[in-house]
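Below you'll find the structure, written out as structure tokens, and then a few comments.
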Amino acid sequence: MLLATLLLAISSFQVAAVMITPALPKIGPDLGASASQMSLSQALFFAFGGLAAASLPVSDRFGRRRMLLAVLVLGIAGSVLVATSGNLVLFDLGRWLQATGVVALPLSFLILRDQVPAEEYPLYLGWLNALNSGVSGIDIFIAGRVTDTVGYRGIFWIAAAVGAAAVVCVAAFVPRSEAVSQRTDWLGIATLGAGVVAVSTGLAQSGTWGWTDAGTLGLLAVGAALIAAFVVVERVSAHPMVQVGLLASRRVWGLAAIILFGMAGFMGAANMLMPFWAELPEAVGGFGLSATDYSLAVLPGTFLTVCIAPAMGNLARRVGWRPILVTATSLAGAGLVGLALCMDSAVPAFVFATLVTCVFAGAAMTAATGLGVLFSPAETPAFLPGIVSVMFSFGSSLGFALSGSVLARDTVSMPGAPPLPTQDAFTHAFALMAAFMVVAAVLTLLIPRARSRSHAPADAHPAEAHSGAAPGPQTAEA
Numbered sequence: 000m001l002l003a004t005l006l007l008a009i010s011s012f013q014v015a016a017v018m019i020t021p022a023l024p025k026i027g028p029d030l031g032a033s034a035s036q037m038s039l040s041q042a043l044f045f046a047f048g049g050l051a052a053a054s055l056p057v058s059d060r061f062g063r064r065r066m067l068l069a070v071l072v073l074g075i076a077g078s079v080l081v082a083t084s085g086n087l088v089l090f091d092l093g094r095w096l097q098a099t100g101v102v103a104l105p106l107s108f109l110i111l112r113d114q115v116p117a118e119e120y121p122l123y124l125g126w127l128n129a130l131n132s133g134v135s136g137i138d139i140f141i142a143g144r145v146t147d148t149v150g151y152r153g154i155f156w157i158a159a160a161v162g163a164a165a166v167v168c169v170a171a172f173v174p175r176s177e178a179v180s181q182r183t184d185w186l187g188i189a190t191l192g193a194g195v196v197a198v199s200t201g202l203a204q205s206g207t208w209g210w211t212d213a214g215t216l217g218l219l220a221v222g223a224a225l226i227a228a229f230v231v232v233e234r235v236s237a238h239p240m241v242q243v244g245l246l247a248s249r250r251v252w253g254l255a256a257i258i259l260f261g262m263a264g265f266m267g268a269a270n271m272l273m274p275f276w277a278e279l280p281e282a283v284g285g286f287g288l289s290a291t292d293y294s295l296a297v298l299p300g301t302f303l304t305v306c307i308a309p310a311m312g313n314l315a316r317r318v319g320w321r322p323i324l325v326t327a328t329s330l331a332g333a334g335l336v337g338l339a340l341c342m343d344s345a346v347p348a349f350v351f352a353t354l355v356t357c358v359f360a361g362a363a364m365t366a367a368t369g370l371g372v373l374f375s376p377a378e379t380p381a382f383l384p385g386i387v388s389v390m391f392s393f394g395s396s397l398g399f400a401l402s403g404s405v406l407a408r409d410t411v412s413m414p415g416a417p418p419l420p421t422q423d424a425f426t427h428a429f430a431l432m433a434a435f436m437v438v439a440a441v442l443t444l445l446i447p448r449a450r451s452r453s454h455a456p457a458d459a460h461p462a463e464a465h466s467g468a469a470p471g472p473q474t475a476e477a
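For the sequence shown, numbering that gives the first Met the number 0 gives the first residue as 0, with consecutive numbering after it.
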């Protein structure tokens, strides 16, 4: 029941994060928001999610179970607010509450790490990542049907119901964890959060305001200053949220950079550009698909992802996580390049989109999560999983912000609708997302190769040493 309960907890967030995808082009007109405003809304959703993920070490103090229950309750409140909102402001407030649920996935990894045998952990990790990528496409299909029948608000009532069921199951079946008495670095969390929100807003608005606009430059400058201040705060804090000294390790900053650029390319392309482009009227270069038709078009990729992700755990036992990450990210980069080059035809475009979804969401994300657990110090097991989760969210925020910015720079007007992006705008945006993924693929070569256990760090945890090891007892070098 533990695995099933954690899967339910993760799905409560995924309903809010993933099922909204085919509905995005419909939400904007209902709330009077343009595509660029919706991209900013999504960028801030993931920015707040990254802030929640950055607070993962709080679970070391208050306990994994208690923190999981807290984010589930916040998610329920957010879902109800979104479902009843009548304007973009209330919609965004509800989405920010929902965003705290992003921490359910890394919390589940840590709970399983403490509760299951080391040799079984990679398989469990694969299943959790599979669900994190979608429920065999069923969730996307349901979202499309709900959007086209009862309206997009029905998605958020579903999210609230799933969240309520998850609260009951977590309270009943997740064991209490031993809390460690330590202070929480609230100043660090606030500084980082404000910095990322400022940068995300500046990037998202750059297409509308212009890169040389005082507002754009001011937000980017303030955001950069706050992120720099965050580093200073962490260096002097008695109980830092992030151990800055550990960030100098290639295994840490390399993995973080891969996830940042990879998630930017993937989420910007798959969750922002694809639904808006596919559901765009044919008169301005889209395919004019309904939300249901779009969900059916992407269903094969989501289904294959759910099949691939669990298999990665078994494959990692034989070859290690690094080869999986290198290969999958490289294939995803090639897929996005192909997608950017075939914008005139729906069939090859969706074939490339399916490839990207399978190899990145199914394989690369699973491998990155596995490496995050593998590389995390034994005395602070939440450290690198927290960094990984933060980069998942901040990378997603970056992808939404910049893809929306590019779309806002080239629009056409249609009667009774907000300005719509042109096909050229989509081509340029897809090319930018492909560039992000190519950068991520190059960065995977910086991840250290495996070496024998005899040279492993002294603080390596047994579960970590086995979770991504190559044949024969091996781990990864510093």
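Think of the CB as a built atom: it goes at the ideal place given N, C-alpha and C, for glycine as much as any other residue.
* Asked: Where do the N-terminal and C-terminal ends of the alpha helix (DSSP H) with Glu-281 fall, by residue?
  -> What you label residue 281 is simply residue 282 of the sequence shown in a count that begins at 1. Run containing Glu-281: none; DSSP gives neither H nor E here.
* **Contiguous alpha helix (DSSP H) assignments of at least 4 residues, all confined to the region 159-217** => 185-208
* State the CB to CB distance for the pair Gln-114 and Leu-6, rounded to an integer number of angstroms; the pair is presumed to be in contact (CB under 8 Å). => One-based indexing of the sequence shown puts residue 114 at position 115. One-based indexing of the sequence shown puts residue 6 at position 7. Actually they are not in contact, since the Cβ atoms of Gln-114 and Leu-6 sit about 14 Å apart, beyond 8 Å.
* **Ala-32 vs Leu-87 beta-carbon contact at 9 Å** => Here residue 32 corresponds to residue number 33 of the sequence shown, with the count starting at 1. Here residue 87 corresponds to residue number 88 of the sequence shown, with the count starting at 1. In this structure, Leu-87 lies closer than 9 Å to Ala-32 by Cβ.
* Asked: Where does Pro-24 sit, in a helix, a strand or coil, going by DSSP?
  -> As a position in the sequence shown, residue 24 is number 25, starting the count at 1. It is helical.
* Asked: Who are the Cβ neighbours of Leu-89 in its own chain at under 7 Å, not counting the five residues just before and after it?
  -> Residue mapping note: residue 89 aligns to position 90 of the sequence shown, counting from 1. Only Leu-80 meet the Cβ criterion.
* Asked: From what residue to what residue does the alpha helix (DSSP H) around Gly-101 run?
  -> Taking the first residue of the sequence shown as position 1, residue 101 is located at position 102. A small correction: the amino acid at residue 101 is Val; Gly does not occupy that position in the sequence shown. Note, Val-101: premise wrong, no alpha helix (DSSP H); not H, not E.
* Asked: Between which two residues does the alpha helix (DSSP H) containing Leu-335 stretch?
  -> Indexing the sequence shown from 1 puts residue 335 at position 336. Here the alpha helix (DSSP H) through Leu-335 covers 320-340.
* Could you check the C-alpha separation between Ala-103 and Ile-141 for me, to the nearest Å? => Here residue 103 is taken as the residue at index 104 of the sequence shown, counted from 1. Here residue 141 is taken as the residue at index 142 of the sequence shown, counted from 1. Taking the straight line joining both Cα atoms gives about 22 Å.
* Asked: Under the three-state reduction of DSSP, which class applies to Val-57: helix, strand or coil?
  -> In the sequence shown, residue 57 corresponds to position 58, counting from 1. DSSP places Val-57 in helix when its eight states are reduced to three.
* Thr-421 bridges to which residues according to DSSP? -> The count along the sequence shown starts at 1 and reaches residue 421 at position 422. In the DSSP output, where bridge partners are listed per residue, Thr-421 has none listed.
* Residue burial classification, Leu-246 (beta-carbon count within 10 angstroms, cutoff 16) -> For this step, residue 246 is matched to residue 247 along the sequence shown. So Leu-246 ends up on the exposed side.
* Just reading off the alpha helix (DSSP H) that Arg-349 is part of, what are its end residues? -> Locating residue 349 in the sequence shown gives position 350, where the first residue counts as 1. Reading the sequence as shown, one finds Phe at residue 349 and not Arg. From DSSP, the alpha helix (DSSP H) with Phe-349 extends over 345-355.
* **N-terminal and C-terminal residue of the alpha helix (DSSP H) that Arg-63 is part of** => Here residue 63 refers to the residue found at position 64 of the sequence shown. That run of the alpha helix (DSSP H) goes 63-83.
* With burial defined as no fewer than 16 other Cβ atoms inside 10 Å of the residue's Cβ, what is the status of Ser-412: buried or exposed? -> Walking along the sequence shown from the start, residue 412 turns up at place 413. By the 10 Å Cβ count, Ser-412 comes out exposed.
* **Bridge partner(s) assigned by DSSP for Thr-146** => As a first step, residue 146 must be located in the sequence shown, where it is residue number 147. Paired residues: none, contrary to the question.
* Asked: Terminal residues of the continuous alpha helix (DSSP H) containing Gly-394?
  -> Counting from one through the sequence shown, the residue named residue 394 turns up at place 395. Residues 382-407.
* Go through its chain and collect everything with a Cβ distance to Val-221's Cβ below 7 Å, but skip five positions before and after it. => Position 222 of the sequence shown holds residue 221. The answer, listed in chain order, is Ala-197.
* Where the alpha helix (DSSP H) containing Gly-361 begins and where it ends -> For the purposes of this step, residue 361 is taken as the residue at position 362 of the sequence shown. Looking at the DSSP string, Gly-361 is not in any alpha helix (DSSP H), and its letter there is neither H nor E.
* Asked: Are the beta-carbon atoms of Gly-332 and Gly-264 separated by less than 9 Å?
  -> On the sequence shown, residue 332 is found 333 positions in, with the first residue counted as 1. On the sequence shown, residue 264 is found 265 positions in, with the first residue counted as 1. Contact flag set, yes.
* Looking at the structure shown, is Val-411 part of a helix, part of a strand, or coil, going by DSSP? -> Along the sequence shown, read from residue 1 onward, the residue named residue 411 stands at position 412. Val-411 falls in the strand class under three-state DSSP.
* Kindly indicate which three-state DSSP category Ala-237 falls into: helix, strand or coil? => Numbered from 1 along the sequence shown, position 238 holds the residue referred to as residue 237. Looking at Ala-237 - three-state DSSP - the assignment turns out to be coil, as it is neither helix nor strand.
* **Member of Arg-408, Met-18, Gly-398 whose CA lies at the smallest distance from the CA of Gly-150** => Residue mapping note: residue 150 aligns to position 151 of the sequence shown, counting from 1. For the residues Arg-408, Met-18, Gly-398, the minimum Cα distance to Gly-150 belongs to Met-18.
* Asked: In three-state terms, what does DSSP make of Leu-48?
  -> Looking up residue 48 in the sequence shown gives position 49. According to the sequence provided, residue 48 is Gly. The question's Leu does not apply to it. In this structure, Gly-48 counts as helix in the three-state DSSP scheme.
* Asked: Is the region 293-302 touching the region 427-434, taking contact as three or more C-beta pairs under 8 Å?
  -> no
* Asked: When we look at the beta-carbon of Pro-461 and count the other beta-carbons within 10 Å, is it buried (16 or more) or exposed?
  -> Taking the sequence shown and counting its residues from 1, the one referred to as residue 461 is at position 462. For Pro-461, the predicted model reports a pLDDT of 33, less than 50, meaning its position is unreliable; a value from the coordinates is still stated below. Burial call: exposed.
* Asked: Can you find a CB in chain D that lies within less than 9 Å of the CB of Met-390?
  -> Of the protein chains in this structure there is only one, and it is not chain D.
* For Tyr-151, the three-state DSSP class (helix, strand or coil) -> Counting from one through the sequence shown, the residue named residue 151 turns up at place 152. Reduced to three states, the DSSP call for Tyr-151 is coil.
* Asked: Which first and last residues belong to the alpha helix (DSSP H) in which Arg-249 is found?
  -> Stepping through the sequence shown from its first residue, residue 249 is reached at position 250. From DSSP, the alpha helix (DSSP H) with Arg-249 extends over 249-266.
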